[in-house]
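S.K.:
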Amino acid sequence: MRDRKRTFKHLTKNDRLRIERWLRRGLKPREIADRLRVHISTVYRELGRGQYERLNGATWEMETAYSPDIAEAKYQAHLREKGPELKIGKDHELARYIEETILEKDCSPAAVLGYALIQGRKFRTSVSVATIYSYIKKGVFLHITQEELPRHGKKKQGYKKVKTKKDQARASAGESIENRPEEVVERKVFGHWEMDTVYSRKSTTTKALLVLTERKTRQEIIVLIPNRKAETIVKALDALERKFGAVNFRKIFRSITVDNGSEFAAAEELERSAVNKTIPRTKVYFCHPYSSWERGSNENVNGMIRRKHPKGTDFSKVSAAEIARTEAWVNSYPRKILGYMSSEIMFRQCLRELGIAA
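Each step along the sequence shown adds one to the number in our numbering, with nothing skipped, and position 164 is 164.
Next comes the structure, spelled out in structure tokens:
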């Protein structure tokens, strides 16, 4: 999606006449969307709404064309059928806000209400998350369908990460998750993280993402790494330690929980400070084999990352700048579990409480 800001308006009869004129000039849907300053999906739906078959007088063959009159008639019929009987029918400001937020911010109906809450937006009509989903499914909105929703509006499926026998044996290389302090489990104390990798191929020699999730605030750190080798993961933590400073790193990263993948096999090196090798910088705990749910925060955010970088993504073709934008999007996303505050706001607040400049 382009960064250019678009106005989410319902197309007028004049807009439809302009679309017809531009199509005759050979403009593509993307160019029309840019000129109207609307989302491209709006143009595609409009073209479908005004589509009809006609005879080409030059070739004497049937062809598909667009009629602004047909599109306008269907639009007015849509308003008569959907508008008056629905709560949102007379609150066009709310309808536009829902459409704009879902399309521009790539978020769910729950997050839409979260954005409205933290922004202090007031509307004439109040709707629930379930109601928004219902409206989208029924086709009430002109600019959004289930295709624009996360997972296309389907419920989240369970995730299972397959481990080999070699992975199972590796659990003894580090401290078991069973020995984590209660404060880690309860998520009441800041500074306890989960760490995982996101990748597309089985090989450990291809580019991947190193993902760290702070358990209390759900703050994300996403790093593009050249491979998933154990020494690469250690170097990535070394870089983070230098970025935050050794003293601050120990305050921010009190513990890190990982699975038993080979990329996390160097437990001692992960724990040892790169600045002062005589002291530990963090404590690493290992999950039980076949237990990805023990890193629930990681798994949940990995699903968000996949919305921007679907399975099969070749990370060698993804830039660090793109990953930075994904990280910013995740951390600015309003979380229901945080009272619709974003992870970024919560994280900065915790840093200030530790006396660390946010």
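Ideal Cβ placement from N, Cα and C applies to all residues, glycine included.
1. Would you call the stretch 138 to 153 and the stretch 102 to 112 touching, i.e. three or more CB-CB distances under 8 Å?
2. Since I believe serine 200 is in contact with lysine 311 (beta carbons under 8 Å), could you give me their beta-carbon distance rounded to a whole number of angstroms?
3. I believe leucine 36 touches aspartate 15 by the beta-carbon criterion, under 8 Å. Please report the beta-carbon distance rounded to the nearest angstrom.
4. Where arginine 242 and glycine 339 are concerned, what is the direct C-alpha to C-alpha distance, given to the nearest angstrom?
5. Looking at C-alpha atoms only, which residue of Leu270, Pro289 and Val275 is the closest neighbour of threonine 282?
6. For aspartate 196, which of helix, strand or coil comes out of DSSP?
7. Which first and last residues belong to the beta strand (DSSP E) in which leucine 103 is found?
8. Considering only the alpha carbon of each residue, which of Ser316, His288, Arg295 and Val330 lies closest to lysine 308?
9. Sort Ile177, Thr217, Ser126 and Glu220 by Cα distance to phenylalanine 286 and report the nearest one.
10. Answer yes or no: do glycine 191 and valine 284 have a C-beta to C-beta separation smaller than 7 Å?
11. Going by other Cβ atoms of all chains shown within 10 Å of its Cβ, with 16 needed for buried, is glycine 245 buried or exposed?
12. So proline 334 packs on alanine 111, CB below 8 Å; how close in whole Å?
13. Could you tell me the alpha carbon to alpha carbon distance between glutamate 231 and valine 211, rounded to whole angstroms?
14. Alpha carbon to alpha carbon, how far is isoleucine 323 from arginine 254? Give it in angstroms, no decimals.
M.R.: Concretely, from the data shown:
1. yes
2. Position 311 of the sequence shown holds residue 311. Position 200 of the sequence shown holds residue 200. Going by Cβ atoms, the distance from lysine 311 to serine 200 rounds to 7 Å, so yes, they are a contact pair.
3. For the purposes of this step, residue 36 is taken as the residue at position 36 of the sequence shown. For the purposes of this step, residue 15 is taken as the residue at position 15 of the sequence shown. Sure, about 6 Å apart at Cβ, within 8 Å.
4. As a first step, residue 242 must be located in the sequence shown, where it is residue number 242. As a first step, residue 339 must be located in the sequence shown, where it is residue number 339. Computed Cα separation, rounded: 33 Å.
5. The sequence position of residue 282 within the sequence shown is 282, counting from 1. Of the residues Leu270, Pro289 and Val275, the one whose Cα lies closest to the Cα of threonine 282 is Leu270.
6. Against the sequence shown, residue 196 aligns to sequence position 196. Aspartate 196: strand per DSSP, three-state reduction.
7. Translated into positions along the sequence shown, residue 103 becomes position 103. Where leucine 103 is concerned, there is no enclosing beta strand (DSSP E), although the alpha helix (DSSP H) it sits in stretches over 92 to 105.
8. As a first step, residue 308 is located in the sequence shown; it is residue number 308 there, counting from the start. For lysine 308, the nearest C-alpha among the options comes from Val330.
9. The residue given as residue 286 occupies position 286 in the sequence shown. That would be Ile177, whose Cα lies nearest to the Cα of phenylalanine 286.
10. Taking the first residue of the sequence shown as 1, we reach residue 191 at position 191. Taking the first residue of the sequence shown as 1, we reach residue 284 at position 284. No. Outside cutoff.
11. Along the sequence shown, one-based indexing puts residue 245 at 245. By the Cβ neighbour-count rule, glycine 245 is exposed, with fewer than 16 other Cβ atoms within 10 Å of its own.
12. As a position in the sequence shown, residue 334 is number 334, starting the count at 1. As a position in the sequence shown, residue 111 is number 111, starting the count at 1. Right, the Cβ-Cβ distance comes to about 5 Å (below 8 Å), so this counts as a contact.
13. The sequence position of residue 231 within the sequence shown is 231, counting from 1. The sequence position of residue 211 within the sequence shown is 211, counting from 1. Spanning the two alpha carbons is a distance of roughly 16 Å.
14. Taking the sequence shown and counting its residues from 1, one reaches residue 254 at position 254. Taking the sequence shown and counting its residues from 1, one reaches residue 323 at position 323. If I take the Cα positions, the gap works out to 25 Å.
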